[in-house]
Amino acid sequence: MEFEMRHSLSLLAVACVLAACSNGPGPDATQPPPVAKPAAAPDTSKATDDAGVTRLTIYSGDYDALAREESARAGMPGYALVERPLHYTLKAGPNAVAATSVPPAMDVEAATLRALSPGVTLESQRYVAPLSGTADVIARVLGQRIVVEHTAGNAKQTDAGILLAASDGLTLALGDGRIKVIRDYDNFSMVDGSKLVPQQAELRWTVNANDAGDANFLLSYPMGGMAWRAEYLATLAKGAGEECKLALDGAALVVNRAGVGFGDARLTLVAGEPRRAPLQKGYQLRNQFAADSVAAAAPPMSATRQSGEYHAYELPGTIAISNGATERVPLFARREAIDCQRTYVVDAGAPQWPTPQPNIDPGYRGQTGPLPVTATVSISNVADAGLGQPLPAGRVRVFDGNDFLGESTLPHTPAGADIRLAVGKAFDLRADRETTAFRVDRTGRTITESFAITLGNAKDTDTTIRVVEAMPRWSDWDITGSSVEPEKKDASHVEFDVPVAANSEVKLTYTVRYRWTEGVSP
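Numbers in this note's numbering are just positions in the sequence shown, counted from 1, shifted up by 44.
Given below as structure tokens:
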């Protein structure tokens, strides 16, 4: 459907309308600065600081969340810092420079450009977002000349004019003075469309150069869409006699969902998750912004270092990370012989939060009945044991020679900490836990509780099973009697190492007493 509106406009009035809608500069308009051409990168073949190489600093965390992301966007999971060198040939005076291949996941308001060459200053910065759809195209070509194809009856018609409005169809100012509204149209095209709308996301700057010549810049910005986690392979082997030894390989899995790839980048992986301010409610990425930018240079990086509250791993050489790819890179050299201990653990579990007063609920005691016996591998993260280094969080896959035992999750682990990896349930071992006594003495301000844990071993070899028991009722407690010597591990846990002969069972019994002071009510 279409209709035409005829107006008694003079040719002069029509000319005024067209001139007002045009984007062409008037006789007094300020001419834009000349567009600078990209220059060849400086020769860094003999440099030691890799000044001409893109640097990526990627933080751990959000690795699994990125797998659920279908497209790159601002504010997406993951966090990385990018330092990208740029080179332009400038003329003396103001110049327009631009950078393409910027990721949709970039935090555009934190992007900064720093001039590395003397005599060059940055005057303004602008971000031009990519097109988001047909409505965005129409909004950008208001006031521009377009050609519209539409159908009237069975006939195809073509009209060309200045686009005045697009809220209810397309309103055109035609060359003969008519204003025409086309309700239904088949398609439209733009004259000089490549100059009117952006072909891709772009950062633009106006820079001023004292002298003509090549200039170097450093573009820095944070972005989402990239994350990493550690991946470990622990292989158990027999040492001298029955001593437990394992070899440990550490690698990093780096995922890129940022919307662009990076070629030949220097990679630094940071084990830590810095706090990020949430986006304001209703926040939308603006099509473009202009702001003065004065950025400080980032401090130079060392090969290995502590990064604030985190640990950084700077990898040697460069790496290419394509968009949508997951790259595996080594974190450290293989550790061949680490002391370890294979144990079987029974843990009934208990609430992990402290009680504000003594708890006299009989059911507040952890699990009873049959319990799984978990096979574990323990490591002391110290140099004397063959390790002694910070280990970033990740997955550990454990093999006994060529046999897969299981996998476990390792949290961020500092040097000096103990590591216990739960790798699976022991098939030939069993446990059964029961309460044998429970008594509350309000006058004496005590709770007395007794347990019996029956441990069975169907193996053909003798085995030691470690029983971990929580003391959840109150902070003041002591073991008053037990069939096996206890070892207090912390303020709320005790352990019993129980030997169980081959093809037999053993019953562990113990009694715990809780006490509270006068004035405390259970």
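The C-beta atom is built at its ideal place from N, Cα and C for all residues, glycine as well.
From a predicted model like this one, the values you see are computed outputs, not experimental measurements.
So residue i and residue j are supposed to be a Cβ contact under 8 Å. How far apart are they, rounded?
| i | j | result |
| --- | --- | --- |
| residue 149 | residue 369 | In fact, because the Cβ distance is near 15 Å, the residues do not count as touching under 8 Å. |
| residue 104 | residue 271 | 7 Å |
| residue 298 | residue 102 | 6 Å |
| residue 295 | residue 281 | The Cβ separation is near 20 Å, so there is no contact. |
| residue 476 | residue 414 | 5 Å |
| residue 223 | residue 194 | In fact, because the Cβ distance is near 16 Å, the residues do not count as touching under 8 Å. |
| residue 278 | residue 373 | Actually they are not in contact, since the Cβ atoms of residue 278 and residue 373 sit about 19 Å apart, beyond 8 Å. |
| residue 172 | residue 134 | Between residue 134 and residue 172 the Cβ distance is about 21 Å, and since that is not below 8 Å, they are no contact. |
Please name the residue in the options whose C-alpha comes closest to that of residue i.
| i | options | result |
| --- | --- | --- |
| residue 441 | 418, 532, 125, 467 | 467 |
| residue 603 | 79, 78, 98, 76 | Since the first residue shown for the chain is 45 and the last is 566, residue 603 is missing from the structure and cannot be characterised. |
| residue 215 | 190, 159, 307 | 190 |
| residue 81 | 184, 167, 256, 375 | 256 |
| residue 536 | 544, 521, 218, 526 | 521 |
| residue 563 | 486, 543, 530 | 486 |
| residue 408 | 514, 448, 268 | 514 |
| residue 384 | 230, 414, 427 | 427 |
| residue 132 | 493, 158, 173 | 158 |
| residue 208 | 202, 197, 188, 181 | 188 |
| residue 548 | 502, 219, 559, 436 | 502 |
| residue 268 | 253, 236, 317 | 317 |
| residue 262 | 545, 430, 543, 142 | 142 |
| residue 247 | 220, 147, 181 | 147 |
| residue 494 | 479, 488, 508, 464 | 479 |
| residue 435 | 179, 273, 122, 397 | 273 |
| residue 558 | 210, 399, 155, 510 | 399 |
| residue 375 | 360, 196, 459 | 360 |
| residue 254 | 244, 161, 182, 287 | 161 |
| residue 416 | 388, 394, 423 | 388 |
| residue 307 | 367, 315, 474 | 367 |
Which partner residues of residue i appear in the DSSP bridge assignment?
| i | result |
| --- | --- |
| residue 385 | 422 |
| residue 483 | 492 |
| residue 129 | 262 |
| residue 367 | In the DSSP output, where bridge partners are listed per residue, residue 367 has none listed. |
| residue 139 | 251 |
| residue 530 | 540 |
| residue 376 | 294 |
| residue 521 | 558 |
| residue 477 | 413, 497 |
| residue 272 | 104, 298 |
| residue 468 | 419 |
| residue 112 | Bridge partners of residue 112: none, in fact. |
| residue 146 | Looking at the DSSP assignment, residue 146 forms no beta bridge with any residue, so it has no partner. |
| residue 201 | 194 |
| residue 211 | In the DSSP output, where bridge partners are listed per residue, residue 211 has none listed. |
| residue 217 | 206, 223 |
Can you look up residue i in the DSSP assignment and give me helix, strand or coil?
| i | result |
| --- | --- |
| residue 404 | coil |
| residue 229 | coil |
| residue 334 | For residue 334, the pLDDT reaches just 34, beneath the cut-off of 50, and the residue's location in the model is therefore unreliable, leaving the point undetermined. |
| residue 427 | helix |
| residue 158 | strand |
| residue 417 | coil |
| residue 539 | strand |
| residue 153 | helix |
| residue 123 | coil |
| residue 461 | coil |
| residue 178 | helix |
| residue 342 | Because residue 342 carries a pLDDT of 34, less than 50, the predicted location of this residue cannot be relied on, and no value is offered for it. |
| residue 510 | strand |
| residue 394 | coil |
| residue 545 | coil |
| residue 278 | strand |
| residue 183 | helix |
| residue 453 | strand |
Using the Cβ count rule (16 or more neighbours within 10 Å means buried), how would you classify residue i?
| i | result |
| --- | --- |
| residue 446 | exposed |
| residue 452 | buried |
| residue 532 | exposed |
| residue 556 | buried |
| residue 518 | buried |
| residue 169 | buried |
| residue 139 | buried |
| residue 200 | exposed |
| residue 91 | Residue placement at residue 91 is flagged as unreliable, the pLDDT there being 38, under the threshold of 50; the coordinate-derived value follows with that caveat. The residue is exposed, with fewer than 16 neighbouring Cβ atoms inside 10 Å. |
| residue 127 | buried |
| residue 540 | buried |
| residue 356 | buried |
| residue 235 | exposed |
| residue 312 | buried |
| residue 554 | buried |
Beta carbon of residue i: closer than 7 Å to some heavy atom of the ligand ADP?
| i | result |
| --- | --- |
| residue 390 | What this structure holds is no ligand at all, so the ligand ADP is not there to describe. |
Would you say residue i lies against chain D (beta-carbon separation less than 8 Å)?
| i | result |
| --- | --- |
| residue 154 | Of the protein chains in the structure, only one exists, and it is not chain D. |
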